[in-house]
Amino acid sequence: MAELGEPPYRARQVYEALSRGLVTDFAAVTTLPLALRQALAERLSPVSLTEVEARVAPKGTARKTLFTTADGHPVEAVLMLVAGRATVCVSTQVGCAVGCAFCASGRLGLRRDLTAEEIVDQVLHFARLLHGDGDRRITNVVFMGMGEPFHTYDETLRACRLLNDPDGFGLAARHISVSTVGVVPGIDRFAAEPLQLNLAVSLHAATDELRDRLVPLNRTYPLDRVFAACDRYVKATRRKLLFEYVVLRGVNDTPAQITALAQRLRRPLYHLNLIAYNETGGAFTRPVAGEIEAMRDRLERMGVSVTVRHSPGGDIEAACGQLALRHEGG
Ligand code: SF4
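Every letter in the sequence shown is one number past the one before it in the numbering used here, and letter 129, counting from 1, is 109.
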C-alpha cells in the first residue's frame, strides 16, 4: 500500500477481505476503490496455492486436496467432517526431513518450508468450500500434515497467530493443535508461547530401540529427553498433552511396547490417541479388526488415558504425503 501511495488502513481492508470475507480475487474487495483493486490485481495474487486434485471419501467425511505452490511444489491438506467438527489438517513443509519409516512424506525428502501464508491458505481453501455449503465453518485446525512443524517454528507460529487473529480468521487458539515428532527445543519454546494452543507429540514407539528405527529423529532427541520436555510443558502450561501413536501391526503393538508405553504415559494430563496405520505400499500393515481396540483396553487397564481415533481418510490416500508422492512419481 505504501508503494502505491495508499494509507495503511487499506492493507487492513484487504487482509480482512481475504481472511474473514474469504475472497480470492481483488475485484471482490468492494471496500477498495476500483482503481486500487486493479492495481493490486496487476501486482499480486491473493492466493498462494492452486488446487490440482481433490479426493472425497465415501459419505463425504473427508476431502483431501493436492495444491501446488507458485514455484510448483506439491502441498497436501485434508478436511475431515467428523462428530460435528470440521477439522483441517495442514502441511507445514513440502516433504519432510525426518524420514519416518512408515511415512510417504518422509520419502519425498525435504524440498522447502512453507510460508505462514501458504499454511493459512490451506485452511482458507476449505473455509471457502464450507462457506458455500450451507455457511458451515472450520472448527479446528491441526498441524499434522506433511512436515515437522517445529523444523519451521517461526512460520508455524505465525500461521497459528494469523488463524487465531480476532480481526482475521478468528479461530480460537484452543481449537488449533500443533503436532511434533519430538523436537525438544521446539516443545520448550512452545510451552512459553502466550497463546493457548494445543500440543501433540507423535510417539509411534515406546522404546528407543524401536523408535530409532521408526522415527530417525529419536537418535537426536531420545525418549528420556522428549518426556523431560513434555513434563516441563505440562508443568508450565497445565494443559493436556496429546500423544499420537500410529499402530503398525506386529511392530509397535507388541506386549513389550504396550508395557513400555503405559510406563511412559501413566501421568495426569497425558492422553494417548491410537490411530490405525494407513497402508502406503511400504513394509508395514494395518491392524486387523478388533486389534487396536484390544490394545486400547489393555492400556486402559494399565492406567493410561487413551482413545482410538478413527481416521476417515483411508480410502483417499489421506496419510500425509501419499498424494504428493504419487504426483512426484514416488
Ligand atoms: S510422520 Fe511426520 S515427521 Fe515423520 S516423516 Fe512423515 S511428515 Fe515427517
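Backbone N, C-alpha and C define an ideal beta-carbon position, used for all residues, glycine too.
Reduced DSSP secondary structure (H/G/I, E/B, other) of residue i
| i | result |
| --- | --- |
| Glu(-14) | coil |
| Tyr250 | strand |
| Gly309 | At Gly309, the pLDDT of 46 sits below 50, so the modelled position is not reliable and the matter cannot be decided from this model. |
| Met(-19) | coil |
| Gln176 | coil |
| Arg199 | helix |
| Ser85 | helix |
| Leu(-2) | helix |
| Val62 | strand |
| Ala256 | strand |
Counterpart residues of residue i in DSSP-defined beta bridges
| i | result |
| --- | --- |
| Ala57 | Thr45 |
| Ile156 | Val121 |
| Gly75 | Leu90 |
| Ser182 | Glu224 |
Terminal residues of the alpha helix (DSSP H) in which residue i lies
| i | result |
| --- | --- |
| Tyr213 | 203 to 217 |
| Asn144 | 133 to 144 |
| Thr239 | 235 to 245 |
| Phe223 | Note, Phe223: premise wrong, no alpha helix (DSSP H); beta strand (DSSP E) at 221 to 227. |
| Val286 | From DSSP, Val286 is part of no alpha helix (DSSP H) but of the beta strand (DSSP E) over 286 to 289. |
| Met275 | 271 to 281 |
| Leu190 | 188 to 194 |
| Phe106 | 96 to 111 |
Beta carbon of residue i nearer than 8 Å to that of residue j
| i | j | result |
| --- | --- | --- |
| Ala172 | Leu142 | no |
| Val74 | Leu94 | yes |
| His111 | Leu29 | no |
| Leu59 | Arg43 | yes |
| Val286 | Arg276 | yes |
| Phe82 | Phe264 | yes |
| Tyr312 | Val226 | This structure cannot settle anything about residue 312, because the visible part of the chain is limited to -19 through 310. |
| Ala77 | Leu90 | yes |
| Glu(-4) | Asp211 | no |
| Leu254 | Val288 | yes |
| Leu252 | Ala186 | no |
| Leu151 | Ile99 | no |
| Val121 | Val181 | no |
Limits of the unbroken beta strand (DSSP E) element including residue i
| i | result |
| --- | --- |
| Glu33 | 29 to 36 |
| Ala66 | 65 to 69 |
Chain C within 8 Å of residue i, Cβ atoms only
| i | result |
| --- | --- |
| Leu249 | Annotation note: the requested chain C is absent from the structure, which comprises a single protein chain. |
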